[in-house]
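Engineer: Can you read through this structure? Questions will come right after.
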Amino acid sequence: MARPDPQLLLTWTVVARMGSINGAADTLGLTQPAVSNQLRRLQEWLGEPLYRRHGRGVTPTALGKRLLRIASQIEGALSDAEALRTDVQGLMQGSLLLVASQTNAEFLLLRAMAVFQKCYPMITVRLQSGNSEEARRRIDVADLAFVEDAVLPESVPGLKGKTLIETDIRILLNADHPLAQRPEDEPVALSELAGVSVVWREPGSGTRDRVEAAFRQAGMEPEIRYEFSAGAAVREAVRCGLGVGFVSALSAMPPDLCTRPVVPRIVQSLSVIYQGPLSRPGEAFLVVLEDMMRAGVYAAPRSVGP
5 MARPDPQLLL TWTVVARMGS INGAADTLGL TQPAVSNQLR RLQEWLGEPL YRRHGRGVTP
65 TALGKRLLRI ASQIEGALSD AEALRTDVQG LMQGSLLLVA SQTNAEFLLL RAMAVFQKCY
125 PMITVRLQSG NSEEARRRID VADLAFVEDA VLPESVPGLK GKTLIETDIR ILLNADHPLA
185 QRPEDEPVAL SELAGVSVVW REPGSGTRDR VEAAFRQAGM EPEIRYEFSA GAAVREAVRC
245 GLGVGFVSAL SAMPPDLCTR PVVPRIVQSL SVIYQGPLSR PGEAFLVVLE DMMRAGVYAA
305 PRSVGP
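Structural data, given as structure tokens:
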């Protein structure tokens, strides 16, 4: 047998509590015949009477009282759903899943997350980081994906993307490296790196993609001797003297590391992609992030050198 119309159960809760069909009709904004028809349909579905008439009112039967308790749970669930809707629209609760390349996670999102949590403390924020390729693969389950370059995966329809900020990629050096002895703003030509050991991020890294493309355009074949899956590991390898690396100009360097500009210039765009329409927490997070950018929060730090 088909399930009852939930509206019939909700009507029964009003009738049973008021003890009056006419009173229930006024409360529900219905006519008395419309309420009586709903009660008739509910009794036909149940197969037993729900109430007894007395004068101008009604009294629930034992079965009617049992059904009232059940119907009240539905009424309560609907009230909870309405309260949830109010909270979500007011960003009083909810969740936000961000996926990001490591560059975006380290230099864009952590500071923005701190500001966002102060504004919306009841929103749960989760951040999953990897490289740009991995972030693109997760866009179907995330609210927002932050990657290098706004390249939209063809496998996921309805994606939108935009560039948030453009920044240079700089060469990363141990402070004792010969190239680190030149003035801070004096660039290093890619041709000077012929035969120099380079420490690389893993395939799929947006930074690596840009640097490899620059090597090829310069007619050079980059040597892959050391490869790491995390930016922190690249920095530690350079610190230990395994070679030079490449990092975003947004990176802040400790005293034993430094960066220098590269010629030809290598530009990296940090971008966001998402499936529309955005969730309300996703919209709010982008507003926070873009406000911080306009305020100059993400200006590149000066390189610390010898």
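The opening position of the sequence shown corresponds to residue 5 in my numbering, with each subsequent residue numbered one higher. All C-beta atoms in this analysis are idealised placements derived from N, C-alpha and C, irrespective of residue type, glycine included. Treat the numbers as computed from the prediction; the structure is a model and nothing was measured.
#1: Which residue marks the beginning of the beta strand (DSSP E) containing residue 233, and which one marks its end?
#2: For residue 162, which option in 282, 35 and 11 has the closest C-alpha, if you only look at C-alpha atoms?
#3: Between 34, 190, 39 and 25, which lies nearest to residue 57 when the distance is taken from Cα to Cα?
#4: Would you mind sorting residue 126 into buried or exposed? The rule is 16 or more other CB atoms within 10 Å of its CB.
#5: With a cut-off of 8 angstroms, do at least 3 Cβ pairs link the segment 265-272 to the segment 165-174?
#6: Under three-state DSSP, which class holds residue 193?
#7: State the start and end residues of the unbroken alpha helix (DSSP H) segment that holds residue 203.
#8: Answer with buried or exposed for residue 37, where buried requires no fewer than 16 other C-beta atoms within 10 angstroms of its C-beta.
#9: Using a Cβ-Cβ cut-off of 7 angstroms (strictly less than) and excluding sequence neighbours within five positions of residue 17, which residues of its own chain qualify?
#10: Have a look at the DSSP bridge pairing and note the partners of residue 314.
#11: CB residue 132 to CB residue 103, shorter than 7 angstroms?
#12: Do residue 276 and residue 113 have their C-beta atoms within less than 7 angstroms of each other?
#13: Would you call the segment 207-218 in contact with the segment 280-297, where contact means no fewer than 3 C-beta pairs closer than 8 angstroms?
#14: Let me confirm a value: residue 145 is counted as buried when at least 16 other C-beta atoms fall within 10 Å, else exposed. Which label applies?
#15: Please determine if the segment 229-238 and the segment 191-199 are in contact, where contact requires at least 3 C-beta pairs separated by less than 8 angstroms.
#16: Among 206, 52, 9 and 64, whose alpha-carbon lies nearest the alpha-carbon of residue 19?
#17: In terms of residues, what are the limits of the alpha helix (DSSP H) holding residue 120?
Structural biologist: The answer reads as follows:
#1: Looking at the DSSP string, residue 233 is not in any beta strand (DSSP E), and its letter there is neither H nor E.
#2: Of the candidates 282, 35 and 11, the one whose C-alpha sits nearest the C-alpha of residue 162 is 282.
#3: 25
#4: exposed
#5: yes
#6: strand
#7: According to the DSSP assignment, residue 203 belongs to no alpha helix (DSSP H) but to the beta strand (DSSP E) extending over 203-205.
#8: With fewer than 16 other Cβ atoms within 10 Å, it is exposed.
#9: 72, 75, 76 and 79
#10: Given a span of 5 to 310 for the chain in the structure shown, any question on residue 314 remains unanswerable.
#11: yes
#12: no
#13: no
#14: The residue is exposed, with fewer than 16 neighbouring Cβ atoms inside 10 Å.
#15: Too few Cβ pairs lie closer than 8 angstroms, so no.
#16: Nearest Cα to residue 19 within the set 206, 52, 9 and 64: 64.
#17: 114-123
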